[in-house]
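Some notes on the structure that comes next.
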Amino acid sequence: MTDNWRFKTKSITKYNPLYRDENGNFTKNEWIVFFQIGVVFDERVLTFESYLEVEDKYIKAILLFFKFHNTSKIILNSLEKNSFPEYPYEDKKELLLVYNKLNENHHITQNELPIVAKLILRNLIWAELFDNASKEIAIRFGYDFYMYFNSNKNLDILFPEIEKIGLYVD
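Adding 106 to a residue's 1-based position in the sequence shown gives its number in this note's numbering.
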């Protein structure tokens, strides 16, 4: 697979552009992965609850993106399953149920999509989400809570909705 998708992508992040320097580097001390829960950032401890607030924004954005494209089936590509570490949170059973079913080219149901998104955002799996009808419609994930929207449509009308959720379009 080539990296041509990068030429037609928009990144969606939790990072407020007000905290970027003249080179585009993010300057605020902020958490970047799920497993930093319990660590202090900017004089505040990252709690599971505050993590969930951000994660929920990403899930809403993912659902909006696929709704915008009238996607009926989503395909899981480039799946990499990470080991499931000791996981103390109450949603472990729900996550494991879906985690154990996933394989390359798995068709994700609408009910599974939020759970698959959680698995990706929590670094329990890595994968790309494609619209079954078009490889040009996809969501990819990078490090540090960067999410990338690819589309064969103009997404400009979608971006205000993403920003209302509380995420930023770069």
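Yeah, the Cβ is synthetic: ideal placement off N, Cα and C, and Gly gets one too. Quick caveat, the model's predicted, so the values are computed rather than measured.
Per DSSP, what kind of secondary structure is Asn-206 in: helix, strand or coil?
helix
Note down, in chain order, each residue of its chain lying with its Cβ closer than 8 Å to the Cβ of Lys-187, except the 5 sequence neighbours on either side.
Within its own chain, the residues whose Cβ lies closer than 8 Å to the Cβ of Lys-187, once the five positions on either side in sequence are excluded, are Tyr-205, Leu-208, Leu-230 and Ile-231, listed in chain order.
What does a CB cutoff of less than 6 Å around Leu-152 pick up in its chain, not counting 5 residues either side in sequence?
Trp-137, Gln-142, Ile-143 and Val-145
Just to confirm the assignment: which complete alpha helix (DSSP H) runs, minimum length 4, are found wholly within the segment 118-205?
154-174
Which listed residue (Leu-235, Ile-118, Asp-162 and Tyr-249) has its alpha carbon closest to that of Asn-183:
Taking only the C-alpha atoms, the option nearest Asn-183 is Leu-235.
Judging by CA-CA distance, which residue of Lys-166, Gly-248 and Ala-239 is the nearest neighbour of Thr-115?
Gly-248
Start-to-end residues for the alpha helix (DSSP H) that takes in Tyr-223:
Contrary to the premise, residue 223 reads as Ala rather than Tyr in this sequence. DSSP places Ala-223 inside the alpha helix (DSSP H), whose first and last residues are 219-227.
Between Glu-149, Thr-177 and Ile-268, which has its C-alpha nearest Thr-215's C-alpha?
Thr-177
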